[in-house]
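Here is the structure we will look at.
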Amino acid sequence: MALKDTDYPVKYGRPQAANLEKNVTVKFGACPHDCPDGCAMLYHVENERLVKVSGNPYQPFTRGRLCVKTKDFAEHHYNPDRVLYPLRRSGAKGEGKFVRISWDEALDEIYERWQQLINQHGAESILPYGYYGNMGILNGATAGDAFFNKLGTSIGEKTFCASSAVTAQLMTVGPTLGTDPESIVQAKYIIIWGGNTVTTNSHLWPFIASAQKEGAKIVVIDPYRSRTAKMADWHLAVRPGTDGALALALINLIIENDWLDKDYVDRYTLGFEELKAAASSFSVERAASITGINAEDIRTLADEYANTQPALIRVGVGLERHPNGGQAIRAIDCLPALIGAWRYSGGGLLQMPVFVPVQADLLSRPDWIQEGKRVINLTTLAEVLTDKKLAPAVNSLFIWNANPVVQSPNTNKVVEGLLREDLFTVVSEYFITDTARYADLVLPATMAAEHNDIVTSWGQFYIAMNQKAIEAPGEAISNFELFQRLARRFGFNDPHFTKSDTEFLAEALDWDAPLLQGKSYEMLRENGFIRLNVPDKENYRPHAEGNFPTPSGKCEFRSSLDTSSGLVAPLLRQMLIDRQASKPIEPVPNYIPTNQIAAENKGACEAWSLQLISPKSHAFLNSEYANEEHKLRKQEDQSVLINAADAVSRGISHGDTVRVLNELGIVVANARVTDDVPQGVVVVTFGYWEGNAKKNAVNALTRCNGLGFAGTPYYNNTRVEVEKLPAASELM
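Below you can see the structure in the form of structure tokens.
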């Protein structure tokens, strides 16, 4: 329903006069980006044109503010480089030359090419590749699942991000929302572990800053001094991939010094003796030698955390990008129960509150998956596209909400695969991205203000409505409509493929679930957002008396989830496997030195002496916006952060043009000599397109390295060298 100044829902007040002008219609929006904030927006439309996008000032978490990525979101919709019509490749793959065709021609070509492949090689020769370039329930990573399940293609397993983090959470505290982020203002000790909140979770920072202003101590544990670390009270530069050793040392110190909440441990935890035994070998001295953190600092951290309440840990996903990441998160998740931090509002754990009751089976139709259907993990795309022994080979790739030439590991090899003349590639996109340049067909996709959807969050407790505010330009269509059209072209007459987007949205959430009881789709449409059924922040203590959603009802230091149990759903059973070791994940947290994880080092070259980490960029959202000049100016040219000692030994000065390289590729960047990174570590941020990088983007250097805990790829377990480029270098 369109809203004007006079009829904006009085329950939430009226937008400020500056936000609404005469003859401007306002509709509710929701940020579609893969970010924990899940901003509630307002679309301002005048004469059928989107004139402004603002934050909804009445949503209590995002509070009307938009981040640097989306503050010009309206202009983004009118970028002159948008793909407006279906396109067919007219030049060589990679040239980016296309000609306009009709939708009927595009759908006919897909149908004919796929029918030929199905007849020759079977439907498993087709691989769908979608992720969270859009976070909507209808238009997100699973938008095509029902169609591809019906068609019988290979299944694309999506463990790019959070699979380890969520599995660790399930094994320890269960599918809990955890601490209300709005209650963080009450915390007195806050540890941000493996996350750069100011850049990647910016709407959470004001709550942390408010607590800091009231005397809370903010500690950041991260391998380099990020924007967030610079605003904290204390930064601990842990060696990449050693967080598990630090967490186990903290557990050991808390137990040794009797800083436990014994009553809480006795009543509300499971496996204390096993955890104690696992942590007992991690003395302060051993942890210091592993992590690079001073032993006295480790003692101080344990003392302050255990004896300051309310104490909160905010866990980021950066941890899981290392071989020990999943078990490190398990150990960290044990800490709040040891000290009874769950007893306090503002204390406990904020990790991945993703357990919103979405009717996932209704939308994705897993019941259509044929038994024994091939599963391909999408992080292995480079290997899959170039594996001549794979049977059947992947002969067609359908991509939406993703840009694998930038996002996937080993991108040079991804490009090698995309150049195959026998590979039929279809990409649904806004722009001719680095990936779309290699497509045979490019299909125009709608942006957020041009379609209906619902957006849930993985960082706060609200669900937001996204209303179509304007007509799409040219012939762009939503992901939802795209797969409905494909289904009709293939003759699928199941009622699933005849429903409208609004019909699906009305059924997309389980309104009878406890978290949504008393709420409704109509309420969401009327108000623009709803809060899940949890008490107000002043009173929300979800596990003050245990009540963890685990099999035992307790915080499980020793997980009772058993992969052989019929009580464990098949999907979860698959996530509980350590795929490197081909065995179930150990039930008690542990730490294994990376050099002892043989599969992880397969193919690694010992010549590369520096550890590379590749965090997200400040002005881009993954690879989104990296084609827009004003965002590039803000982010500046691709750079590598390098410690002074490492720079001097290589003859590198601040501002030099250097190449970062290993056996997989070369990235050319500007050297930034800084003590923000410790010796032995370099930082190259993620998100640049190869087309606007000097030579490749950072994932040209990363490999999949096989899959481990819950199928997680280890992007940050990458070794490189940095060399100064001669002035006359041809950048080869």
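Take -3 as the starting number for the sequence shown in our numbering and just add one per residue.
All C-beta atoms in this analysis are idealised placements derived from N, C-alpha and C, irrespective of residue type, glycine included.
Only a predicted model underlies this, so the values are computations on that prediction, with no experimental measurement involved.
Opposing strand residues paired with residue i [DSSP bridges]
i    : result
T421 : L393
S635 : N666
A307 : Y185
Q607 : V677, R715
Y260 : Paired residues: none, contrary to the question.
T265 : C551
Y458 : R527
G707 : None; G707 has no bridge partner.
F488 : In DSSP, F488 forms no bridge with anything.
T21  : V41
V371 : I151
G661 : N658
Spatial distance of residue i from residue j (CA atoms)
i    : j    : result
P736 : I217 : Only positions -3 to 728 of the chain appear in the structure, and residue 736 is not among them; the question remains open.
L414 : L381 : 7 Å
T144 : S277 : Before going further, note that residue 144 is Phe rather than Thr in the sequence given. So the alpha carbons of these two residues sit roughly 49 Å apart.
F268 : F553 : 6 Å
N248 : S279 : 7 Å
V41  : F94  : 32 Å
E178 : L657 : 43 Å
S360 : T138 : 6 Å
Q305 : T172 : 21 Å
M167 : N529 : 24 Å
T238 : P583 : 19 Å
G174 : H199 : 18 Å
V644 : V718 : 12 Å
G83  : F394 : Rather than Gly, the amino acid found at residue 83 in this sequence is Leu. Their backbone Cα atoms lie some 15 Å apart in a straight line.
A483 : F493 : 7 Å
A622 : Y81  : 22 Å
P722 : R655 : 10 Å
M37  : N543 : 35 Å
L563 : G170 : For L563, the predicted structure reports a pLDDT of 44, less than 50, and the residue's modelled location is therefore unreliable. A value from the coordinates is still provided. Near 14 Å, if we compare the C-alpha coordinates of G170 and L563.
I638 : V664 : 14 Å
A245 : L334 : 13 Å
W507 : S516 : 6 Å
A241 : R326 : 12 Å
W604 : E659 : 9 Å
D182 : N75  : Here residue 182 turns out to be Gln, not Asp, going by the sequence shown. The straight-line gap from Cα to Cα measures roughly 43 Å.
R109 : E471 : 23 Å
A142 : L271 : 42 Å
P580 : I251 : 28 Å
N597 : N406 : Any answer about N597 is weak, because its pLDDT of 46 lies below 50 and its placement is not dependable; what the coordinates show is given next. Cα-Cα distance, rounded: 15 Å.
A696 : L297 : 37 Å
G314 : G190 : 5 Å
V422 : K65  : 27 Å
I648 : P388 : 48 Å
G322 : I588 : 12 Å
A225 : Q456 : 22 Å
Nearest neighbour of residue i, chosen from the options [CA to CA]
i    : options                : result
D259 : F69, R282, W338, N320  : W338
T163 : L617, V669, L606, L572 : L572
V451 : G514, A161, A88, I133  : I133
N475 : C157, T494, G140, G661 : G140
I309 : D363, D30, K184        : K184
L46  : C63, F69, P53, P56     : F69
G687 : V411, L62, A284, K369  : V411
T653 : L660, V669, G661       : V669
R317 : A441, S159, A241, I662 : S159
E105 : L439, S150, L346       : L439
Q480 : E471, S496, A472       : S496
G90  : A693, Q634, T429       : T429
L331 : G651, P547, Q634, P585 : P585
V636 : S610, R416, N320       : S610
Any chain B beta carbon closer than 8 Å to residue i
i    : result
R317 : Looking for chain B here will not work: only one protein chain is present.
Continuous beta strand (DSSP E) assignments of at least 3 residues falling wholly in the segment 128 to 164
151 to 153
Counting pairs of beta carbons, one from the segment 17 to 32 and one from the segment 452 to 464, are three or more of them closer than 8 Å?
yes
Cβ contact check for the segment 111 to 128 and the segment 361 to 378: 3 or more pairs under 8 Å:
Short answer: they touch.
Whole beta strand (DSSP E) elements within the segment 181 to 250, 3-residue minimum
Taken in chain order, the complete beta strand (DSSP E) segments of 3 or more residues contained in the segment 181 to 250 are 185 to 189, 213 to 217, 230 to 232.
Does the count of Cβ pairs from the segment 290 to 307 and the segment 664 to 682 closer than 8 Å reach three?
Verdict: no, contact absent.
Quick one: complete beta strand (DSSP E) runs, 3+ long, within the segment 300 to 364?
For the beta strand (DSSP E) assignment, the uninterrupted runs of no fewer than 3 residues enclosed by the segment 300 to 364 are, from N- to C-terminal side, 307 to 311, 344 to 346.
Considering only residues of the segment 30 to 80, which uninterrupted beta strand (DSSP E) runs meet the minimum length of 3 residues and lie entirely inside it, listed in chain order?
36 to 42, 45 to 51
Closer than 8 Å is the cut-off here; do at least three beta carbon pairs connect the segment 350 to 360 with the segment 493 to 511?
Touching, per the Cβ criterion.
Contact between the segment 382 to 393 and the segment 519 to 527 is defined here as three or more beta-carbon pairs at a separation below 8 Å; is this criterion met?
no
Assess contact between the segment 531 to 549 and the segment 185 to 198, defined as three or more Cβ pairs (one per stretch) separated by less than 8 Å. Is contact present?
no
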